[in-house]
Amino acid sequence: MGVVNVTPDSFSDGGRFFDPRAAIAHAQQLASEGADIIDIGGESSRPGAKPVSVQEELERILPVLEGLKNLGKPISVDTRRPQVMREALKAGTSMINDIEALSAQGAMEAVASSQCAVCLMHKKGEPATMQRDPHYDDVVKEVFGFLQERVAACEKAGLARDRLVADPGFGFGKTLEHNLTLLRKLPEFTKLGVPLLAGLSRKSGLGTLTGRPAHERLAGSLAMALLALQGGATILRVHDVKETKDVIAVWKAYDA
Ligand code: 9MG
17 MGVVNVTPDS FSDGGRFFDP RAAIAHAQQL ASEGADIIDI GGESSRPGAK PVSVQEELER
77 ILPVLEGLKN LGKPISVDTR RPQVMREALK AGTSMINDIE ALSAQGAMEA VASSQCAVCL
137 MHKKGEPATM QRDPHYDDVV KEVFGFLQER VAACEKAGLA RDRLVADPGF GFGKTLEHNL
197 TLLRKLPEFT KLGVPLLAGL SRKSGLGTLT GRPAHERLAG SLAMALLALQ GGATILRVHD
257 VKETKDVIAV WKAYDA
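Heads up, my numbering is the position in the sequence shown plus 16, with the first residue counted as 1.
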């Protein structure tokens, strides 16, 4: 899954793809590099990010969705808002990537009548404050329990399990140690019975581990990608598609 942030303030590429033409060209580039899914987001969820209005979010993503209609690859929209989900689905989106796991009022209904896939992500707290001293008694138990409950809630609302993907939400209300614990225990999350998505690309934990700024975290991101594959992730949300595809090719040969 290649990331396209149509935002002025995302942590790794803030502003580079804010112009719809730049976002469309970047999505085309990621698709040509082998991305199987393109994830379009109109609201930054980096730590400290401020929410944008529904109107603003729609104005950012709809021209990009229009420009990618004939891309020939599934498009995912990263949103937590039911109104945005509905408009994105009308525009042909195949997947909703929700960092709030369809917990907003009306979100479940917004996707239930379509056939789209849904990524249910765990997050503790709100982006503006979630990295201020997050605490868990047992991070694996809490994140697993949350995702299990959301999968069950989706099924109860009529979303078949084969439409769902689960994601522990690395970096969303988690310390570096929480993230590493979740990564070590990722194989346990395969018990959820749905594909696992991991988003570790360029995240701040890599800055802590390597001392490098976001645009210099490629090697660390690739190491994380391999660890996530080994842990059972089948979708990697990444900025560097071409290089990650090479990691996947090596991993597949090893794992054959
Ligand atoms: C939007 N977004 C930013 N980071 C993410 C992650 O780790 N997973 C998912 N599903 N979405 C993310």
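All residues carry an ideal CB built from backbone N, CA and C; glycine is no exception.
Keep in mind it's a predicted model, so treat the numbers as computed, not measured.
First and last residue of the uninterrupted alpha helix (DSSP H) at residue i
| i | result |
| --- | --- |
| residue 163 | 155-172 |
| residue 86 | Careful: residue 86 lies outside any alpha helix (DSSP H) and carries neither H nor E. |
| residue 127 | 123-128 |
| residue 98 | 98-106 |
| residue 245 | 234-247 |
| residue 272 | Note, residue 272: premise wrong, no alpha helix (DSSP H); not H, not E. |
| residue 200 | 192-200 |
| residue 224 | 220-226 |
Beta-ladder partner(s) of residue i, from DSSP
| i | result |
| --- | --- |
| residue 273 | In this structure the chain extends from 17 to 272, so residue 273 is not present and cannot be described. |
| residue 111 | 92, 133 |
| residue 214 | 252 |
First and last residue of the uninterrupted beta strand (DSSP E) at residue i
| i | result |
| --- | --- |
| residue 92 | 91-94 |
| residue 20 | 18-21 |
Exposure label - residue i; buried when at least 16 CB within 10 Å
| i | result |
| --- | --- |
| residue 247 | buried |
| residue 218 | buried |
| residue 58 | buried |
| residue 231 | exposed |
| residue 31 | exposed |
| residue 178 | exposed |
| residue 272 | exposed |
| residue 157 | exposed |
| residue 237 | buried |
| residue 176 | exposed |
| residue 86 | exposed |
| residue 250 | exposed |
| residue 129 | exposed |
| residue 229 | exposed |
| residue 138 | buried |
| residue 155 | buried |
| residue 24 | exposed |
| residue 268 | exposed |
Within 6 Å of the ligand 9MG: residues by beta-carbon to any heavy atom
57, 61, 94, 113, 115, 135, 137, 183, 185, 186, 213, 215, 253
Which runs of the alpha helix (DSSP H), 4 residues or longer, sit entirely within the region 32-76?
36-48
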